[in-house]
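Student: Quick one: structure below, then a few questions.
Protein chains: 2
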Amino acid sequence: MARPAYDEFCRQREEFFAREQGRGLGANLVLSPSEQRLNQYVMHLKQQELAKGVENPYELVSARHFFEMLDRINESPLFRLIQKMPKGGVLHAHDTAIGSTELIVRATRHAHLWQSGSIPQAAADPMPVYTFSRNKPTAEGEWRLVADIRSTMGDAAYEAAIRKMFTLYTTDPLNEHRDINDVWRKFMALFICFEPMVTYRPVWEEYYYGCLEELLADNVTYLEFRGLLPPVYDLDDRKYTPEEIVQMYVDQSEKFLRANPKFAGVKFIYAPLKFCDDSTFDGYLTLVQTLKARFPTFIAGFDLVGQEDLGRPHTDFNERLLRLPAGINFFFHAGETNWTGRRDENLIDAILLGTKRIGHGFAAIKHPVVLEEIKKRNICIELNPISNQVLKLVQDFRNHPGGFYFSDNYPVVVSSDDPSFWCASPLSHDFFVAFMGLASARADLRLLKQLALNSIEYSSMEGEEKTIATQKWTAAWNEYVEEMLKTIPAEF
Amino acid sequence: MARPAYDEFCRQREEFFAREQGRGLGANLVLSPSEQRLNQYVMHLKQQELAKGVENPYELVSARHFFEMLDRINESPLFRLIQKMPKGGVLHAHDTAIGSTELIVRATRHAHLWQSGSIPQAAADPMPVYTFSRNKPTAEGEWRLVADIRSTMGDAAYEAAIRKMFTLYTTDPLNEHRDINDVWRKFMALFICFEPMVTYRPVWEEYYYGCLEELLADNVTYLEFRGLLPPVYDLDDRKYTPEEIVQMYVDQSEKFLRANPKFAGVKFIYAPLKFCDDSTFDGYLTLVQTLKARFPTFIAGFDLVGQEDLGRPHTDFNERLLRLPAGINFFFHAGETNWTGRRDENLIDAILLGTKRIGHGFAAIKHPVVLEEIKKRNICIELNPISNQVLKLVQDFRNHPGGFYFSDNYPVVVSSDDPSFWCASPLSHDFFVAFMGLASARADLRLLKQLALNSIEYSSMEGEEKTIATQKWTAAWNEYVEEMLKTIPAEF
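Chains as they are written, first to last, in the UniProt record's numbering: chain A, 1 to 492; chain B, 1 to 492.
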């Protein structure tokens, strides 16, 4: 076959580019003149950051481990611009891992907190046990009041130790956590250590309210979060029921929404551990129905959590799950693994069970029929890029499957999973990493805007609720664009 | 929407699985009863290896760095079974990096080899310079005869030092090479150091013949290799022309084929460096036409090589490349990068220029129209998984895009690129890694067989040549299956 003339070749090349770029996430958005100007500045900042990594890939903020680059990201003007951006909602995050470490530090300032064991000096040391109690929790054991430890160590030293303990952060992430099981062990230990501290009723309410404040400060205005509903307690040995605990979430949410009318709303996905026996599982299903009946708009639906490679497969639960009334929506974690042909097949169960969204969907890229069905059924993939890197699924963000999902406009949102434990903000760091590392170097403001829009579109809000949320977000976005334009250099 | 009954759900699940698995590489092959028996044993061995990695991901041979796992792979019964398998052809490898380090050691035993500088003690030390010459190569400089160094050090010590020097192998690959530029600098230094040793005519011929022997010993029976045609010389200061050099390849190939009728053939892709000015490039284009006219069946076509992120983009060359007669086929490297929206766009040029195959295509996964065109035009992607890991594109093989290409039966072959420099066999290690790390845990003997068949299908052989190669491979495969069945345990 003869080769085309150069002119014809160039025409074909233009057409190819147009076809391909027309398919990317956000490509259908038409930017206003103001947005176009802001976009020029955004792309200037992006290209500046990327240029460092062309000459010296080791300096690329979006290719290395988040922990190694955190300080540099925080100093980046592009990151600060993304922080201020109205990002819509967080659709994938776990209740006790959303707030910053400062909220945990604040919890340790409460009276009646006891500690048994010491704060680890080395990574392999066991973590201490905490509980709130009027008196020494058990007769035996080396329980000390945290107030006394604080007096001895000094508040600053104690709080510094707390900050260090309640994170997976390390300066040497490539070597310190060798594999996914290693890092998950540490990750689970954080949740376990933290639980009796956060399930103390005053802390429970204060921590959750603090999370909402931090979300809003990060310009996130909707939250759809997952929780296990662990037993909340108080100093009178009262153990609150799951309904009472959800009621606390509802009450705090309403209080927060009254004080912050910019915030669009909150919903809850009941997401207990998939490491359970069948009768425990039956209890979960009964509970989610009770909760849905009692809090019909607050309860979005049901999910199961835990390290996917090691947890029970979905096939163990399918028969029971199908008996749930159709009114209970599913939001299953699936494909949070880099295996293919093993537990990643939960993806198929999740889809056939009618899941509304898929948590992570990291492994979906290697399942062509899963990919087809995701598009056909418009199932949203909840990407959590920093989580996937910290929990050892991928090293270089440029190899995260999100890049594939972006390039062909799969239904996706970006979220943060457990930002507390990786020192990340509620959403901005994941947006930054998605924009710089997952997306094409050519992807622009339209991608960021589309991610925000998707977080409303794929939320569990409906009707009037969704309309209002969209209006609030649109107003905030337009204001943001105009405000940013006042601060950018004149040449843009 | 009401949920389906469990029976109906299970039926849908079966159907989903069948649809998905019917799309994978090799899924259309029907195994004979003998092959089915062998397959059961293969899958038993595969599951045994994978099981180690479920309990302890750090022990998974196909998830860690190849260098860290090389000894364990070599001990694996599944690897030994793959070594013996007739694997078809190597379609992507570079001439002076195919042979084992032992061929380099053998080269240093020739008389008249001079060395200036020392063999490095530390990674940062400069490499020595070599040349063959009757007399001291230059008046100044600290040239010593390798024969004299051998006498002083002892042959065993000298050869051990050579073995260590001519490889990227290190026991700490994650930390020793920090990024792609780091490891490419070392990689290029190996080629540069090695070139004057291998371009000495007696070594040139002996090294190439040795490569063919090693390919056959690894049960590879066809080679389509790339080369830069660096000037070959002899002790009489004769510099051979590119045509003379290709003639040496032809002569050695014919000699080898006469001695080894199981081998199906050899072809050559002229692949000079893309780091060149325009007039040098014009010279390449003239040369490839001269070579094609003189060696019409031996010369398969044209390619360009060099680190893609840093080399000139294809757009610099398109106009000139289009002027080449249609009889010169292209086999372009493209998408050997984890960037998106930069030099990976060479993929689009390569396709529109009519490339027959794509070298690497690592980045194609993030280009939906590239993916469509690859299928539509039946362009074969030459996967080189170990190369991509050693050269820092991906850490865990399970995140290599080959897994995606396998899952939806893209036209692919597996090859080895520069196996010499990573202590790999001509093809078996890449086949092993592809089978264990890229492919699904469920992928079986059909995938391996299809990879071998693809290497013939997507080769540059045509007509009778291809028919004979297929017949030879089929005979070898059937013999292999029967031989293996004699050795496997009775329960299979």
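Glycine included, C-beta positions come from ideal geometry on N, C-alpha and C.
#1: Within the same chain, show all residues whose beta-carbon is closer than 8 Å to that of asparagine 388/A, passing over the 5 residues directly before and after it, in chain order.
#2: Which residues in chain B have a C-beta closer than 9 Å to the C-beta of proline 489/A? List them in chain order.
#3: When the cut-off is 8 Å and only beta carbons count, does lysine 46/B lie next to chain A?
#4: Check the Cβ of asparagine 39/B against every Cβ in chain A and list those closer than 7 Å, keeping chain order.
#5: What does a CB cutoff of less than 6 Å around serine 425/B pick up in its chain, not counting 5 residues either side in sequence?
#6: Below 8 Å on the Cβ atoms is my contact criterion, and I expect histidine 177/B with lysine 186/B to pass it. Report the Cβ-Cβ distance as a whole number of Å.
#7: Give the single residue among Arg23/B, Tyr6/B and Phe302/B whose Cα lies nearest to the Cα of valine 369/A.
#8: Going along chain A, which residues have a C-beta under 7 Å from tryptophan 339/B?
#9: Which bits of chain B does serine 407/A rub up against, with CB to CB less than 7 Å?
#10: Find the residues of chain B that neighbour asparagine 181/A, judging by a C-beta separation of less than 9 Å, and give them in chain order.
#11: Leaving out the 5 sequence neighbours to the left and right, which residues in its chain are closer than 8 Å to arginine 294/B when beta-carbon positions are compared?
#12: Of all the CB atoms in chain B, is at least one closer than 8 Å to the CB of glycine 354/A?
#13: At 7 Å on the CB atoms, spell out the chain B contacts of leucine 174/A, in chain order.
#14: Could you tell me if isoleucine 82/A is buried or exposed, where buried requires 16 or more neighbouring beta carbons within 10 angstroms of its beta carbon?
#15: Listing by chain order, which chain B residues have their CB less than 7 Å from the CB of glutamine 395/A?
#16: Leaving out five residues on either side along the sequence, give the residues of the same chain with a beta carbon under 6 Å from the beta carbon of leucine 391/A.
#17: By DSSP's criteria, phenylalanine 132/A is part of a beta bridge. Which residues make up the other side?
#18: Inspect the CB distances between the region 365-382 of chain A and the region 402-411 of chain A and report whether three or more fall short of 8 Å.
#19: CB leucine 235/A to CB phenylalanine 298/A, shorter than 8 Å?
#20: Along chain E, in chain order, which residues have C-beta atoms closer than 7 Å to that of glutamate 319/B?
#21: Suppose you measure from the CA of histidine 110/A to the CA of aspartate 155/A; what does that come to, to the nearest Å?
#22: Tell me which same chain residues have a C-beta within less than 6 Å of the C-beta of proline 173/B, skipping the five on either side of it?
#23: Would you say arginine 342/B lies against chain A (beta-carbon separation less than 8 Å)?
#24: For cysteine 380/A, does the three-state DSSP call read helix, strand or coil?
#25: Specify the secondary structure class of valine 305/A as computed by DSSP and reduced to three states.
#26: Going by the DSSP bridge assignment, what does tryptophan 143/B pair with across the sheet?
#27: Just how far apart, CA to CA, sit leucine 285/B and phenylalanine 9/A?
#28: Identify, in the order they occur along the chain, each residue of the same chain with its Cβ nearer than 7 Å to the Cβ of glutamine 307/A, setting aside the five sequence neighbours on each side.
#29: Classify isoleucine 328/A as helix, strand or coil using the three-state DSSP reduction.
#30: Would you kindly report the start and end of the unbroken beta strand (DSSP E) that includes phenylalanine 268/A?
#31: Return the first residue and the last residue of the beta strand (DSSP E) that isoleucine 358/A is part of.
#32: Under the three-state reduction of DSSP, which class applies to lysine 186/A: helix, strand or coil?
#33: Secondary structure at leucine 223/B, three-state DSSP: helix, strand or coil?
#34: Can you list, in chain order, the residues of its chain with a C-beta nearer than 8 Å to that of threonine 199/B? Leave out the 5 residues immediately preceding and following it.
#35: In this structure, how does DSSP classify leucine 353/A when only helix, strand and coil are distinguished?
#36: Per DSSP, what are the beta-bridge partners of valine 414/B in this structure?
Tutor: Walking through what the data contain:
#1: Cβ neighbours of asparagine 388/A within its own chain (closer than 8 Å, five residues either side excluded): Glu336, His360, Phe362, Val394 and His400.
#2: Within chain B, no residue has its CB atom less than 9 Å from the CB of proline 489/A, the nearest being about 24 Å off.
#3: Contact of lysine 46/B with chain A is not assigned, every C-beta pair being separated by 8 Å or more.
#4: Proximity of chain A to asparagine 39/B at the Cβ level (cut-off 7 Å) is not reached, the minimal Cβ distance being about 15 Å.
#5: For serine 425/B, where only same-chain residues beyond five positions count, the Cβ hits under 6 Å are Asp218.
#6: Here histidine 177/B really is in contact with lysine 186/B; their C-beta atoms are around 7 Å apart, less than 8 Å.
#7: Answer by Cα proximity: Arg23/B.
#8: The contacting residues are Arg398 and Ala441.
#9: Here the neighbours are Lys366, His367 and Pro368.
#10: Within 9 Å Cβ-Cβ: Glu55, Asn56, Pro57 and Tyr58.
#11: Cβ within range, chain order: Glu243 and Val246.
#12: Interface with chain B (8 Å Cβ-Cβ cutoff): glycine 354/A is included.
#13: Within chain B, the residues near leucine 174/A are Leu174.
#14: Buried: at least 16 other Cβ atoms inside 10 Å.
#15: Chain B residues near glutamine 395/A: Gln395.
#16: Excluding the 5 residues flanking it on each side, leucine 391/A has same chain C-beta neighbours closer than 6 Å at Val183, in chain order.
#17: Per DSSP, the beta bridge partners of phenylalanine 132/A are Leu113/A.
#18: Contact between the region 365-382 of chain A and the region 402-411 of chain A is present, because at least three Cβ pairs lie under 8 Å.
#19: Cβ atoms of leucine 235/A and phenylalanine 298/A: not closer than 8 Å.
#20: In the structure shown, chain E does not exist; the protein chains are A and B.
#21: Cα to Cα, the separation comes out at about 13 Å.
#22: Counting only Cβ-Cβ distances below 6 Å, and skipping sequence neighbours, we find His65 and Phe67.
#23: Chain A places a beta carbon closer than 8 Å to that of arginine 342/B, counting this residue as a contact.
#24: Looking at cysteine 380/A - three-state DSSP - the assignment turns out to be strand.
#25: Residue state, collapsed to three classes: strand.
#26: Paired residues: Ser116/B.
#27: Per the coordinates, the alpha-carbon of leucine 285/B lies some 19 Å from the alpha-carbon of phenylalanine 9/A.
#28: Beyond the five residues adjoining it in sequence on each side, glutamine 307/A comes within less than 7 Å, by CB distance, of Trp184 in the same chain, given in chain order.
#29: DSSP places isoleucine 328/A outside both helix and strand once states are collapsed to three, so it counts as coil.
#30: 265-270 is the span of the beta strand (DSSP E), which, as asked, contains phenylalanine 268/A.
#31: Note, isoleucine 358/A: beta strand (DSSP E), 357-360.
#32: Three-state DSSP puts lysine 186/A in a helix.
#33: Note: leucine 223/B maps to strand in three-state DSSP.
#34: By the criterion of a C-beta distance shorter than 8 Å, threonine 199/B is surrounded in its chain by Pro230, Pro231, Val232 and Tyr233, once the five residues flanking it on both sides are discounted.
#35: It is coil, neither helix nor strand.
#36: Per DSSP, Leu383/B.
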